[in-house]
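In the numbering used here, the protein residues as written are 8 to 122.
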């Protein structure tokens, strides 16, 4: 079992920045992928960005150049730096852990971009 706890969401104006953090605990396997997904009301959950334990990253096209994912393997954390936020970035952001085709989800943190 892996437990994920997110933090860092909130309300921000368009053009602003937020940094999300996720801490994993429990039975963590050294080779894994951690990432962030988001789900807006009435929409399907979508990938934001993910990063392997070796540091390889993958971003959704609409997030490239604005968002940066990073991780600290020693602390079992994954962060998402979000810049130039837009109203359409408003969603619940969920942390994901995937290893050996077993995945876990955090409860999510709300990000609202509004003036």
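Every residue, glycine too, gets a C-beta built ideally from N, C-alpha and C.
| Asked | Found |
| --- | --- |
| According to the Cβ coordinates, are residue 94 and residue 118 closer than 8 Å? | no |
| DSSP state of residue 69, grouped into three classes? | helix |
| Per the DSSP calculation, residue 58 is bridged to which residue(s)? | 41 and 64 |
| Using a Cβ-Cβ cutoff of less than 7 Å, which residues in the same chain neighbour residue 11 once the five nearest sequence positions on both sides are dropped? | 29, 31, 102, 104, 111, 112 and 113 |
| Considering just the uninterrupted stretch of the beta strand (DSSP E) at residue 51, what are its terminal residues? | No beta strand (DSSP E) contains residue 51, which DSSP labels as neither H nor E. |
| With the cut-off set at 8 Å, would you say residue 61 and residue 39 are in Cβ contact? | no |
| With a CB to CB cut of under 6 Å and the five nearest residues on each side skipped, what residues in its chain are close to residue 88? | 26 and 75 |
| Under DSSP, the beta strand (DSSP E) around residue 106 begins and ends at which residues? | 98-106 |
| Are the CB atoms of residue 70 and residue 56 within a distance shorter than 8 Å? | yes |
| Can you tell which of 63, 67 and 19 has the C-alpha that lies nearest to the C-alpha of residue 78? | 63 |
| Does residue 13 pass the burial test, meaning 16 or more other C-beta atoms within 10 Å, or should it be called exposed? | buried |
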